[in-house]
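Residue numbers for the sequence shown follow numbering that gives the first Met the number 0, so the first one is 0 and each next one is one higher. We put the CB at the ideal spot given by N, CA and C, even for glycine.
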Amino acid sequence: MRREDAFFGDQELVLIYIGKRLSESKAVEKLLDEAGLDYLVEPDRYRGGVLFIRELIGAFFYVTEENADTARELLRAAKHAVYVPGGQAAR
0 MRREDAFFGD
10 QELVLIYIGK
20 RLSESKAVEK
30 LLDEAGLDYL
40 VEPDRYRGGV
50 LFIRELIGAF
60 FYVTEENADT
70 ARELLRAAKH
80 AVYVPGGQAA
90 R
């Protein structure tokens, strides 16, 4: 279920997905809801583009460390690109 930041308290949260389009972000929300996982979504900036790099705003999805592997597996099974720190998103 989508939760507020305060719900997680001092727990370490892990970025698992960056939604660049509203439709894909809603699909990820539905996937995580159906799996019964608690998650946080916050808008944030990312750099995108091929020829013209620019700053864009996306939906950043976070889960607890203990749920990160499960969430990544769900995303991969649904053909969503999983966030990989310092690199390209992995499918």
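Q: Figure out for me which residue from E65, L55 and D9 has the closest Cα to the Cα of G47.
A: Answer by Cα proximity: L55.
Q: Quick one: give me the first and last residue of the alpha helix (DSSP H) that A67 is part of.
A: Looking at the DSSP string, the run of the alpha helix (DSSP H) that includes A67 is E64 to A76.
Q | Buried versus exposed call for A70 [16 or more other C-beta atoms within 10 Å across all chains shown] | A | By the neighbour-count rule (16 or more Cβ atoms within 10 Å), A70 is buried.
**Q.** Through-space distance from K19 to D43, alpha-carbon basis
**A.** Approximately 10 Å, taken between the alpha carbons.
Q: Alpha carbon to alpha carbon, how far is I15 from V62? Give it in angstroms, no decimals.
A: Approximately 7 Å, taken between the alpha carbons.
**Q.** Expected contact under 8 Å - CB spacing of D37 and F59 to nearest Å
**A.** Between D37 and F59 the beta-carbon gap is near 15 Å, outside 8 Å, which marks them as no contact.
**Q.** Reference P84; option with closest CA among N66, Y45 and V49
**A.** With distances taken between Cα atoms, P84 lies closest to Y45.
**Q.** Inter-residue spacing [alpha-carbon to alpha-carbon] between M0 and G35
**A.** Between M0 and G35, the C-alpha separation is close to 6 Å.
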